[in-house]
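Below is one structure, written out as structure tokens; comments come after it.
Residue numbers (the numbering used here): 284 to 414.
Following this line, the structure appears as structure tokens:
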């Protein structure tokens, strides 16, 4: 929860309110959903909340089926259609799979050495098979 507050740049005072909601002390969830929908920045759509939840989960490295179901449930409560959330998930997957981190000289040398050793092993195995 603390990481989520940091990720969203929320004040630390929000933590107590979030803890109370998680413990079931907040009352009816529908009242909080209505309050979130009335926010001026979210008047048109609550898609941004779903996007931030997906980004947070991916950033923390814990985006599994349980968290996905939670995000889809929260999105449903906020009125965000499932296909929109899935479209955003696919775009994040595409972005991450296209990203190739830059390699330094040492990593390049190690990779070249590994490839050379693979070739040598292959040639040795071919030679042994022909004997």
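Yeah, the Cβ is synthetic: ideal placement off N, Cα and C, and Gly gets one too.
Annotation: residue 351 to residue 295 spans about 26 Å, alpha carbon to alpha carbon. Residue 371: member of the alpha helix (DSSP H) spanning 365-381, first to last residue.
Every alpha helix (DSSP H) stretch that sits fully inside the region 326-356 and reaches 4 residues is listed by chain position as 330-343. Residue 323 places its beta carbon 8 Å or farther from that of residue 368. Excluding five sequence positions before and after residue 314, none of the CB atoms of its chain fall closer than 8 Å to its own CB. In the structure shown, residue 359 adopts helical secondary structure according to DSSP, grouped into three states. Taking the C-beta atoms as reference points, residue 353 is found no nearer than 8 Å to residue 316.
If you check the CB distance, residue 414 and residue 371 do not come in under 8 Å. When the Cα atoms are used, residue 286 and residue 390 turn out to be separated by approximately 32 Å. Following the DSSP letters along the chain, one finds residue 389 inside the alpha helix (DSSP H) bounded by residues 388-413.
In the three-state reduction of the DSSP assignment, residue 296 falls in the coil class, being assigned neither a helical nor a strand state. Judged by beta-carbon spacing, residue 343 lies beyond the 8 Å limit of residue 291, meaning their Cβ atoms are not closer than that value. Going by C-alpha positions, residue 306 is about 12 Å away from residue 312.
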